Amino acid sequence: MRFLMLAILALAPCARAADNTEKKISELIGKMTLEEKLGQLQQLDGSAEGDVPQDYYALAEKGLLGSTLNVRGVKRVNELQRAAMRSRLHIPLIFGFDVIHGYRTIFPVPLGEAASFDTDNAREAASIAADEAYAAGVRWTFAPMVDIARDPRWGRIVEGSGEDTYLGSQMARARVLGFQGTDYSAPGKIAACAKHWAGYGAAEGGRDYNTTNISERNLDEYYFPPFKAAVDAGVATFMSAFNDLNGIPCTGNEWLIRGVLKSSWSFEGFVVSDYNAVKELVNHGLAADEADAARLGITAGVDMEMVSRLYNNHAPELLKKGLITEAQIDEAVRRILRVKFRAGLFENPYAEQKLEDSEILTSEHTMAAKFAAEKSFVLLKNDGGTLPVRDGVKHILLAGALADDQEAVTGSWNGDVRTRDSITIRKGLGEAAKDAGAELTYVRGAGPAASDTDNITEAVEAARNSDMVIAVVGEQQTMSGEASSRADISLPGRQLELVKALVSTGKPVAVLLMTGRPVIINWLAEHAPAVMEIWYPGTMAGRAVADVVFGKVSPGGKLPVTWPLSEGQIPLYYNHKNTGRPFEADNKYTSKYLDITNAPQYPFGYGLSYSTFTISDMKLSADRISKKGNLTVTVNVRNTGDVKADEVAQLYIHKHSGSVTRPVRELKGFKRVTLDPGEMQTVQFTLGPNELGFYGKDLKFAVEPGDFDVWVGTSSEGGNESSFTVLP
Ligand code: GLC
37 MRFLMLAILA
47 LAPCARAADN
57 TEKKISELIG
67 KMTLEEKLGQ
77 LQQLDGSAEG
87 DVPQDYYALA
97 EKGLLGSTLN
107 VRGVKRVNEL
117 QRAAMRSRLH
127 IPLIFGFDVI
137 HGYRTIFPVP
147 LGEAASFDTD
157 NAREAASIAA
167 DEAYAAGVRW
177 TFAPMVDIAR
187 DPRWGRIVEG
197 SGEDTYLGSQ
207 MARARVLGFQ
217 GTDYSAPGKI
227 AACAKHWAGY
237 GAAEGGRDYN
247 TTNISERNLD
257 EYYFPPFKAA
267 VDAGVATFMS
277 AFNDLNGIPC
287 TGNEWLIRGV
297 LKSSWSFEGF
307 VVSDYNAVKE
317 LVNHGLAADE
327 ADAARLGITA
337 GVDMEMVSRL
347 YNNHAPELLK
357 KGLITEAQID
367 EAVRRILRVK
377 FRAGLFENPY
387 AEQKLEDSEI
397 LTSEHTMAAK
407 FAAEKSFVLL
417 KNDGGTLPVR
427 DGVKHILLAG
437 ALADDQEAVT
447 GSWNGDVRTR
457 DSITIRKGLG
467 EAAKDAGAEL
477 TYVRGAGPAA
487 SDTDNITEAV
497 EAARNSDMVI
507 AVVGEQQTMS
517 GEASSRADIS
527 LPGRQLELVK
537 ALVSTGKPVA
547 VLLMTGRPVI
557 INWLAEHAPA
567 VMEIWYPGTM
577 AGRAVADVVF
587 GKVSPGGKLP
597 VTWPLSEGQI
607 PLYYNHKNTG
617 RPFEADNKYT
627 SKYLDITNAP
637 QYPFGYGLSY
647 STFTISDMKL
657 SADRISKKGN
667 LTVTVNVRNT
677 GDVKADEVAQ
687 LYIHKHSGSV
697 TRPVRELKGF
707 KRVTLDPGEM
717 QTVQFTLGPN
727 ELGFYGKDLK
737 FAVEPGDFDV
747 WVGTSSEGGN
757 ESSFTVLP
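Note that the working numbering numbers the sequence shown so that position 363 is 399, with each residue one more than the last.
The structure is reproduced here in C-alpha cells:
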C-alpha cells in the first residue's frame, strides 16, 4: 500500500500538469472561431530549401495556419513564428521536417541502421539528428518510418527496419526515444511521427502507393506491432498512409485511426495525413469529390491535413449540412494543441540561434556517424580472407562510379545535407591507403547509369597493375526511397559487366554494394571472392569504409531482410508458414518452383565477420512453464578468431501448433556483443507472454499451451537448438 501511495505522490505532479494543459486547451478552444480551429488543422509546405511562401505570413498572423513542413533555419522559422504569435490567440506553429536518418550529419539509411542490430546505436543516431534539427528550428520529424517490408522491389524498404516485426519494434522504440527522449519539450528533442499508418510496405507488386490487402490477423501479427511499440514509447504523432487498405484507404479509414489507434491503443497525440493524401481519397474512389474527401478524413480521425486544403475549404459547409460535427473538429484541435503544449511551444515558441548553420555538423556527431556506418555493414562473403587489405598489398585499384559520388553516400531522405560535407569512399580509402604505405588508383569503370564515360577496359588494365581490386557498385540513391520501386533489382547499368571483367583478371576483388535494398547478385555472389553490403553509409562513408576495409574495425552487421536469388521468389521472408507440403527437394508435390530453389541468396539475420565465433552451452531455466511464466535462455558467445569483433546472438522460436498456424521461426531476441580474441560472454534472453503470445483464432493476443522449439544462433538458419513446453 505504501508503495502505491508513493507512486501516486510521484505521479501527482505529472497528472496535475496534464490536467492543467487540458484546461488551457479547453479555454483556448472555447475562444477559437471555426476559422481559427480549421487553421490549426492545416499544414502547408515550404520550399525544398526551407523558404517560406510569402502568403503564409498573413495566414499565420490571422491564426489560420497550424504547421509547416520543410521550413527550417532559425531565422526563417522565427520570422514565421512571430507572425503566428501576433495572432489573436498567440498559438504557435509547429515546424515539421523529414529528419529520417540525420539532419545535417547524415547517418546510415534506416535499413542499414537496422542491420546493426544495435538499438543503442539507433537511439543515439536519432538523438543527434534531433539535436541538429532543433538547432535549425525544426520541432517535429516525420520519422521513424516503421513499415514492415517483405518486398525489396519497393523503394521505401530502405526507410524502415526490414521484414521482421520484433526487430522493427525494437528499432521503432529506440528511434522514438532518440528523437523525443522522455520529454520532447527539452532542448535538443523533437516530436516524432510513426509512419505510415498502416501496411504501406505491403504494396502489391512492390509498386509504391499501390493497393494493400492484409488480413486483420497479419496486421495484428506483423504490421501493427512496430507502431504499437512507438505508441508505448510515447510517440507524439502518427502519419496516415497513402495506400488503400483492404478497400478503405488509410487516410479515410475510421476503423484504423479512431478504432485501433485512438480507441484501442488510447493514442493521445495527433494524426497528420501524408502529403495530399486527404485529397487523394478522390483518386482512390472512396470520396465522391473533395468535400467528401474532407468529410472522410475528419470522420476517420485524421487531425491535420498535409498540404491539400480540403478541411479549410469544405468543413464549414460540411458542418452546416451536419455531415461532420464541431466536436470532431474540436477533438482534432485538442490533439494538435496537446502536442504543441507537450513540445513546449507555448512557453518557448522561438528557436535559439545557438549555432551558426555551418556549426551544426560537429566532430562528435560525425564520429558517431562513422561508428554507426561501420556497424551497419554486412559482410556477405570473404573467401580466403580477401578483406581486410593485407600488409603486402601495395597497389589497390578502386573502381565504380559510386566510389566517387558525394551525393549517393547519403541515400534518400537525406535531411538538410550539404553534399560537400560527405566523405566519399575514394577519399576515405585514398587516405587510408597512404597511411598504410599503399597506393590507390581510382578508375570509374561503370556506374548505376550507363554513361559514355564508362570505360571498363581502362579499369581492367588498371586492375592488371594492382595487387587487389575494390569495386563499389549498386544503385544511384535516386533508385531507392519514395517512388523508386524497381521490377528488376539487379545491378543497373554496366556494373556487373565491370565486376566480371575485374574478376576475370584473376586479382582478388572485394565488391562493396551501395544499395537501398537487396539486389540480385547471383554471378557476383558466386565468383567475387569478397562481397560486403554497405547500404548508403552517410556523411562519413569514406572513413567508415576505410576503417573496415583496412581492418581497423571488423564488420558485424546482419541482414534485416531476406536476400532473394530472383525477383521471381518475392515475397520471400524467413518467418514464413510451413504449409501442408513444405519444400522437399526430391518431391515435386511440395511447395516449390520448377525452375529455382526456395532458398534465398542470403537469409535474414546473416552476416560474417573478420573473426569467428561459437555460440554454445545453451541452457533453459526450465523445460516447461505456465502460460504466464517466464523462461530464461542463456548461451556462451566466444570469439574464436584472432581479431576483436562483434557478433549478434539471435533468438528464434517456433510453436509446433496452435489455434492458428505459426511461422517456422520468429525472432524474439537479439544481442550484439563485442569480444576480444578468445573472450567469452554469456548472453541471456527472457521469454514470457509478450514473446510467446500471438493472435489466436479469435484474434485475441494470448499464450497458448504447447511445445516450442528455440534456437540461438548467428542468423535465422541453424543455431543451438532446444525445446520447452507451455503447460495448459
Ligand atoms: C512524402 C512521404 C512521407 C513524408 C511526407 C512529407 O510523400 O510519403 O513519408 O514524410 O511526404 O515529406
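In this text, a Cβ means the ideal position worked out from N, Cα and C, and glycines have one as well.
Quick caveat: nothing in here was measured; it's all calculated off a predicted structure.
To which residues of the same chain is residue i closer than 6 Å at the C-beta, ignoring the five residues directly before and after it?
i      : result
Leu297 : Phe303
Leu433 : Thr477, Ala498, Ala499, Ser502, Val505
Glu757 : Trp747
Ser652 : Asn672
Gly242 : Asp187, Arg189, Trp190, Ser521
Hey, residue i and residue j: beta-carbon distance below 8 Å or not?
i      : j      : result
Phe413 : Gly593 : yes
Ala582 : Ala468 : yes
Asn106 : Gly86  : yes
Pro544 : Thr598 : no
Leu80  : Thr104 : yes
Val338 : Thr287 : yes
Val174 : Phe133 : yes
Ser309 : Gly333 : yes
Ala96  : Ala120 : yes
Glu511 : Thr460 : no
Gly214 : Glu149 : no
Asn666 : Met716 : no
Thr750 : Val684 : yes
Leu595 : Gly643 : yes
Ala472 : Pro144 : no
Leu438 : Val509 : yes
Using DSSP with H/G/I as helix, E/B as strand and the rest coil, what is residue i?
i      : result
Met576 : coil
Phe407 : helix
Ile689 : strand
Tyr92  : helix
Lys588 : coil
Ala179 : coil
Lys594 : coil
Trp747 : strand
Gln216 : helix
Tyr638 : strand
Gly705 : strand
Leu630 : coil
Arg674 : strand
Leu255 : helix
Leu332 : helix
Thr648 : coil
Pro285 : strand
Lys59  : helix
Asp471 : helix
Thr446 : helix
Glu290 : helix
Gly242 : helix
Gly102 : coil
His431 : strand
For ligand 1, any of its heavy atoms closer than 7 Å to the Cβ of residue i?
i      : result
Glu316 : no
Asp583 : no
Met340 : no
Closer than 7 Å to a non-hydrogen atom of ligand 3 - does that hold for the CB of residue i?
i      : result
Gln531 : For ligand 3, the structure offers nothing, since it holds only ligand 1.
Quick one: what's got a C-beta closer than 7 Å to residue i's C-beta in the same chain, skipping five residues either side?
i      : result
Ile492 : Gly481, Ala482, Arg530, Glu533, Leu534, Ala537
With a threshold of 8 Å on Cβ separation, who are the neighbours of residue i within its own chain once the five nearest residues in sequence on each side are excluded?
i      : result
Gly697 : Checking the sequence, you will find Thr at residue 697 rather than Gly. Closer than 8 Å at Cβ, skipping near neighbours: Lys613, Asn614.
Ala681 : Ser590, Gly592, Ser645, Tyr646, Ser647, Phe649, Asn675, Thr710, Leu711
Tyr625 : Arg617
Leu359 : Arg331
Gly694 : Phe730, Gly732, Glu740, Gly742
For this session: Considering only heavy atoms of ligand 1, list every residue whose Cβ is less than 7 Å from one of them, following chain order.
Result: Leu105, Asp134, Phe178, Met181, Lys231, His232, Met275, Phe278, Asp310, Tyr311, Met342, Glu518
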